[in-house]
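Some notes on the structure that comes next.
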Amino acid sequence: MKAVASKDPNNVEPYFFIWCDESGLNDGSASDDGELQGTTISSYVLDMVSGDVVIDSHNKDAVTIHAVAYAVNTVVTLWTSGGTTKSQVRCRATLSDNRVLDETMIIPFQTH
């Protein structure tokens with residue numbers, strides 16, 4: 247499970263499931279440290295494991311995070327709103343080579 251930055255319940259905020267190299271590389275070369283290894287995300291399913299965060303929308307579009315560009319079908323982005331209790335969201339991704347990757351994210355909440 248990966249912990250992420252705490253969420254302000256009053257904001258709509260993005261969270262990311264990233265399976266390619268943290269540099270954005272996804273070519274399967276010796277320097278590619280990601281789990282995708284040149285494959286892409288064909289489909290995915292999001293599940294609320296616990297908590298009350300609201301998933302407003304989600305996609306696997308190209309995205310830039312902290313100045314790193316990630317190609318389409320390499321990251322699952324979910325936009326969240328609300329929530330007051332620590333939430334866990336699981337993403338199960340089926341890859342273009344039929345492998346399946348699971349990751350669970352823990353989203354803590356800010357207290358005011």
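Taking the numbering used here, the leading residue of the sequence shown gets 247, the next gets one more, and so forth.
Beta carbons are placed, not taken as given, at the ideal position from N, Cα and C, and that holds for glycine.
Here the structure is a predicted model, which means the values were calculated and not measured.
Under a three-way DSSP split, which group does residue i fall into?
| i | result |
| --- | --- |
| R305 | At residue 305 the sequence reads Asn, which differs from the Arg that was named. N305: strand per DSSP, three-state reduction. |
| D248 | Checking the sequence shown, residue 248 turns out to be Lys, not Asp. K248: strand per DSSP, three-state reduction. |
| Q334 | strand |
Can you tell me whether residue i is buried or exposed? The criterion is at least 16 other CB atoms within 10 Å of its CB, across all chains shown.
| i | result |
| --- | --- |
| S296 | exposed |
| A339 | buried |
| E259 | buried |
| M294 | exposed |
| S269 | exposed |
From the options, pick the residue whose C-alpha is nearest to that of residue i; which is it?
| i | options | result |
| --- | --- | --- |
| F263 | G274, D273, A249 and K253 | A249 |
| P255 | V318, C266, T323 and V300 | V300 |
query = Taking contact to mean at least 3 C-beta pairs separated by less than 8 angstroms, is the stretch 296-315 in contact with the stretch 274-281?
reply = Using a Cβ-Cβ distance cut-off of 8 angstroms, the stretch 296-315 and the stretch 274-281 are not in contact, since fewer than three pairs of beta carbons, one from each stretch, lie closer than that value.
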